[in-house]
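Protein chains in written order, with the numbering used here: chain G, 520 to 683; chain F, 12 to 215. Glycine included, every Cβ here is placed at the ideal spot set by N, Cα and C. Notes for the one structure printed next.
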Amino acid sequence: MSCRESQRLFSRYLDERASERERAALDAHVAGCARCRAELARWLVPSRALRALGAAPPPDGLAENSWRAAFAAASRAPSFEEGFVWAARRIAAAGALTAALVWIGLFWRGPGLDSDSGSSAGDAALAELASAPDVTEVAMSLWAAEPAAEAASEAMPERTVDGE
Amino acid sequence: MTREALRTANQESEDLAAVAVRARAGEAEGFRELVALSLPRIYRLARRIVADSDEADDVVQETYIRAWARIGELRDPTAAAAWLSRIARNAARDRLRWWKRRPRAAFDETSPALLDLVAQGQRGPLPDEALASAQVRAEVAAHVAALPDKHRVVLLLREVDGMSYEEIAEALGIAIGTVESRLHRARAALARRLARLAREETRP
């Protein structure tokens, strides 16, 4: 066995994964080779020192803290159904607001456009404006609808946790 | 792995699979038992990856938060250990991305106690008391901290935690041959560092 071959076996030798034949050949080589004996000592010492450290067990209470944290996080996170309701509500609100703005843009004539003429068309436009809902009212009515939807989603059952 | 160790590992795996089935059905008590059974291996893995016990606690908690949130994604309960290990690795890496921005402790480039032990090791058996001394622990810890992460983690799981090649492969999601090659490279790197320090010490 050459020095290179013996050093290729060092790691498996330390882990007792070398075969009987490999182990015997390595022992024989190291016994007669000072260079490989010194090299093996440099592999062996850190390995033995690390094994002497010993594994630290998980700290007390880590298991309980972990499952408590998991259950708490799950109770905070929205379920799929809740997420779906939330998204649908916002899409509906955005659609209604867009429709209201389009309607206002198409039919609303601002004051002054026809006022100079004093025509009956101008009066009709003003009358229409007076009867049209204000944009603020449209927005307020949409937001006012939200608490009812939230109350409905809160009434939905959440994932329950025994003992929580 | 000895026959007894293999039997214990198989029993642990079966127990874990049984509680994983209950947890997957949404049973809180099943999840509590899953945490209790898997905690030692998840803690070891987290601790070795982040190399800090406080950070490891946070990684463990994050692992189980993610696991409970995605318990429905666990398709094969017999692979619960590998599934949890994968979540733990990702949680640890997320933590490291933030943590690596912090400065690391300066490395002391002297190792008199280890070099003494190397000299003794060439002559005969190594004394246990010397191996367990505070000075040797500090010196070897400093050398290990300087290794690349993927080599350091495998080395510590093997040497300190006493995990088998098979357990390390499962925990890290790598092949057994990769475990073997990383261990070889980690040990070779430590030996090279000690050889260099020995040369520097003998230089006039």
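Inter-residue Cα distance where the pair is residue i and residue j
i, j, result
"G:A611", "F:A102", "37 Å"
"F:T213", "F:A199", "21 Å"
"G:P766", "F:V71", "Residue numbering for chain G in the displayed model covers 520 to 683; residue 766 of chain G lies beyond these limits and cannot be assessed."
"F:G135", "F:R55", "33 Å"
"G:G551", "F:D63", "43 Å"
"F:A47", "F:D69", "16 Å"
"G:V604", "F:R81", "21 Å"
"F:R43", "F:E66", "22 Å"
"F:L201", "G:A606", "56 Å"
"G:R523", "F:R210", "21 Å"
"F:A39", "G:A592", "14 Å"
"G:E685", "F:A149", "In the structure displayed, chain G extends from 520 to 683; residue 685 of chain G sits before or after that span and is not available."
"G:R570", "F:G37", "40 Å"
"F:V30", "F:P88", "8 Å"
"G:F626", "F:A34", "59 Å"
"F:Q22", "F:A16", "10 Å"
"F:E84", "F:R14", "33 Å"
"F:V32", "F:R86", "10 Å"
"F:A20", "F:R196", "27 Å"
"F:V61", "G:G573", "18 Å"
"F:G188", "G:E535", "15 Å"
"F:M174", "G:A553", "32 Å"
"F:L142", "F:W79", "42 Å"
"G:A575", "F:A153", "18 Å"
Residue i burial status per 10 Å Cβ neighbour count (16 or more: buried)
i, result
"G:C555", "buried"
"G:S530", "buried"
"G:S594", "exposed"
"F:D172", "buried"
"F:E140", "exposed"
"F:P138", "exposed"
"F:W109", "exposed"
"G:E583", "exposed"
"G:W586", "buried"
"G:W617", "As written in the sequence, residue 617 of chain G is Thr, which differs from the Trp given in the question. With fewer than 16 Cβ atoms within 10 Å of its Cβ, G:T617 is classed as exposed."
"F:A124", "buried"
"F:R163", "buried"
"G:S521", "exposed"
"F:V121", "The sequence shown places Thr at residue 121 of chain F, not Val. F:T121 comes out exposed."
"F:L167", "buried"
"G:G614", "exposed"
"G:V621", "exposed"
"F:E18", "Before going further, note that residue 18 of chain F is Arg rather than Glu in the sequence given. It counts as exposed."
"F:G132", "buried"
"G:A560", "buried"
"G:A543", "exposed"
"G:A568", "buried"
"G:E558", "buried"
Per-residue contacts from residue i into chain F (C-beta, under 8 Å)
i, result
"G:S566", "E170, R198"
"G:W562", "R198, A199, L201, A202"
"G:A592", "I76, W79, A80"
Same chain only: Cβ atoms within 7 Å of residue i, ignoring 5 sequence neighbours per side
i, result
"F:A92", "S24, L27, S49, R52, E181"
"G:S525", "L545, H548, V549, C555"
"F:V190", "V165, Y176, I179, A180"
"F:R97", "G184"
"F:R193", "K161, H162, V165"
"F:S144", "A124"
Residue i: contacting residues in chain F (beta-carbon distance under 9 Å)
i, result
"G:E558", "A202, A206"
Other residues of its chain near residue i: CB distance less than 8 Å, five sequence neighbours each side excluded
i, result
"F:A186", "A180"
"G:L533", "W562, L563, S566"
"F:V129", "L205, A209"
"F:D105", "E73"
"G:A537", "L528, R531, L545"
"F:L126", "L205, L208, A209, E212"
Proximal residues of chain G, C-beta to C-beta of residue i below 7 Å
i, result
"F:Q72", "N584, S585, A588"
"F:L128", "V564"
"F:V151", "P565, A568, L569"
"F:G132", "A560, L563, V564"
"F:H154", "P565"
Beta-carbon contacts of residue i that lie in its chain and below 6 Å, excluding the five residues immediately before and after
i, result
"F:A57", "A67, V70, V71, A99, A103"
"F:Y75", "V46"
"F:Q146", "A124"
Proximal residues of chain G, C-beta to C-beta of residue i below 9 Å
i, result
"F:V147", "V564, A568, A571"
Contact set between residue i and chain G, taken where Cβ atoms lie within less than 8 Å
i, result
"F:L137", "L563, V564, R567"
"F:L125", "V564, P565, A568"
Beta-carbon neighbours of residue i, restricted to chain F and to distances below 7 Å
i, result
"G:A574", "R55, V171, D172, G173"
"G:L545", "Here the premise fails: no neighbours, minimum Cβ distance about 14 Å."
Per-residue contacts from residue i into chain B (C-beta, under 7 Å)
i, result
"F:A143", "In the structure shown, chain B does not exist; the protein chains are G and F."
Give me the subset of the segment 164–197 of chain F whose CB atoms are less than 8 Å from a CB atom of chain G, sorted by chain position. L166, L167, R169, E170, V171, D172, G173, Y176, E191, L194, H195
Between the segment 45–69 of chain F and chain G, which residues of the former have CB atoms less than 9 Å from a CB of the latter, in chain order? L45, V46, A47, L50, P51, I53, Y54, R55, R58, S64, A67, D68
Where the segment 615–629 of chain G meets chain F: residues whose CB sits under 9 Å from a CB there: none
Taking a cut of 8 Å between CB atoms, which residues from the segment 15–28 of chain F lie near chain G? none
What are the residues in the segment 522–536 of chain G lying within 9 Å of chain F by C-beta distance? Q526, R527, F529, S530, R531, L533, D534, R536
Name the residues in the segment 28–44 of chain F whose C-beta lies less than 9 Å from a C-beta of chain G; which are they? G37, E38, A39, E40, F42, R43
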